[in-house]
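Below you'll find the structure, written out as structure tokens, and then a few comments.
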Ligand code: 2AM
Ligand code: CA
Ligand code: CA
Ligand code: CA
């Protein structure tokens, strides 16, 4: 990949994220339709779909031969056939978008032959733009992000995601979280996986774990955390995929091994 191509991908990803964020903020001031996707706790709005289409049109205008893997599936072709794949979540944290009008984000990542090149997570309600380019570091509104503080698990502020509370009890996961919560300084649950991973990159959270996320939830956050100096794998320690569901652990490297010991009980209980 030429440096000029990488720079062009970065610029477009930043433009798309800003533009998508502005559009979702604008639409938030007007009435919009909200539907149940699979259940009452899984919402989708007309804005999710509109924003995804908007981002796809911006990408294809500049790079017509690129593919898109987006949550709302508004891209007509099979994403598997493209060398360069944009992995996007137009609104991550739709429930927050509907209920809180804060704590949602747009997540945009570019992968080339499976390698993560650019990751952008934009929080429009706070105008915070988190971005990273492979080998060039991670930034928050142009401030470089480095996870260089030594943090033990006891001192860590951890974050977890939807499936812990939704299906936790039936899977016995609640006991693992309880055990973990008793060990760390605090647990948080913000409701936007992409933003939570961006916060790990920024050091606002020390680690993030989820039993099951979609590729568009972690596609950008993973590049952000890695470029900030953090460690990101599945909960079993294997590399994250770029185009399918996975469990995720992303954290400050100093307590990665220790955190894994607490999570290994969950290895065979991932959701499908
Ligand atoms: P979404 O808002 O884009 O759907 C909520 O804690 C986090 O889990 C969000 O990042 C949310 O993304 C994601 N998520 C993925 N699948 C979900 C589901 N079936 N129900 C609720 N949240 C889901
Ligand atoms: Ca969704
Ligand atoms: Ca999402
Ligand atoms: Ca979404």
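Residue numbers (our numbering): 1 to 272.
Note that beta-carbon positions come from the ideal geometry of N, C-alpha and C, so glycine has one too.
These numbers come from a predicted model, not from an experiment.
Is residue i helix, strand or coil when you go by DSSP?
i           : result
residue 242 : coil
residue 275 : Given that the chain is displayed from residue 1 to residue 272, the structure contains no residue 275 and the question cannot be resolved.
residue 175 : helix
residue 127 : coil
residue 28  : helix
residue 79  : helix
residue 190 : coil
residue 233 : strand
residue 49  : helix
residue 37  : strand
residue 181 : helix
residue 64  : coil
residue 132 : strand
residue 5   : helix
residue 84  : strand
residue 205 : coil
residue 73  : coil
residue 200 : helix
Keeping to the same chain, check which residues put their C-beta closer than 7 Å to that of residue i; ignore five residues upstream and five downstream.
i           : result
residue 266 : Here residue 266 scores only 49 on pLDDT, less than 50, and its place in the model is too uncertain to base an answer on.
residue 49  : 72 and 74
residue 181 : 187
residue 258 : 153
Quick check on this structure: which residue in the options has the alpha carbon closest to the alpha carbon of residue i?
i           : options               : result
residue 153 : 93, 130, 208 and 31   : 208
residue 52  : 68, 63, 43 and 4      : 68
residue 45  : 202, 71 and 65        : 71
residue 199 : 179, 214, 48 and 226  : 226
residue 114 : 30, 253, 242 and 89   : 242
residue 254 : 155, 191 and 263      : 155
residue 88  : 100, 103 and 55       : 55
residue 185 : 203, 157 and 257      : 157
residue 247 : 183, 228 and 233      : 233
residue 218 : 33, 107, 112 and 142  : 107
residue 23  : 192, 161 and 90       : 90
residue 251 : 41, 151 and 40        : 151
residue 109 : 239, 179, 140 and 134 : 134
residue 278 : 263, 29 and 9         : Residue 278 falls outside the range modelled here, since the chain spans only 1 to 272, and no answer is possible.
residue 127 : 138, 136, 142 and 137 : 142
residue 263 : 221, 183 and 229      : 183
residue 123 : 192, 203, 5 and 95    : 192
residue 287 : 40, 29, 85 and 145    : With the chain covering only 1 through 272, there is no way to say anything about residue 287.
residue 221 : 194, 202 and 245      : 194
residue 94  : 240, 228, 229 and 190 : 190
residue 5   : 66, 97, 38 and 30     : 66
Going along the chain, which residues of its own chain have a beta-carbon closer than 6 Å to the beta-carbon of residue i, five neighbours each way excluded?
i           : result
residue 159 : 188, 196, 205 and 208
residue 19  : none
residue 256 : 231
residue 12  : 62
residue 125 : 102
residue 161 : 193 and 210
Return the chain-ordered list of same chain residues with a C-beta closer than 8 Å to the C-beta of residue i, the five sequence neighbours on each side being excluded.
i           : result
residue 14  : 120, 129 and 131
residue 260 : 235, 237 and 249
residue 32  : 45, 46 and 47
residue 1   : 112 and 117
Would you list the residues sitting across from residue i in a DSSP beta bridge?
i           : result
residue 116 : 111
residue 144 : 139
residue 210 : 248
residue 21  : None, per the DSSP bridge assignment.
residue 262 : Note: residue 262 sits in no beta bridge, so no partner.
residue 225 : None, per the DSSP bridge assignment.
residue 157 : 186
residue 121 : 107 and 130
residue 42  : 39
Using a threshold of 7 Å, is the CB atom of residue i nearer than that to any non-hydrogen atom of ligand 5?
i          : result
residue 90 : Ligands displayed in this structure: ligand 1, ligand 2, ligand 3 and ligand 4; ligand 5 is not among them.
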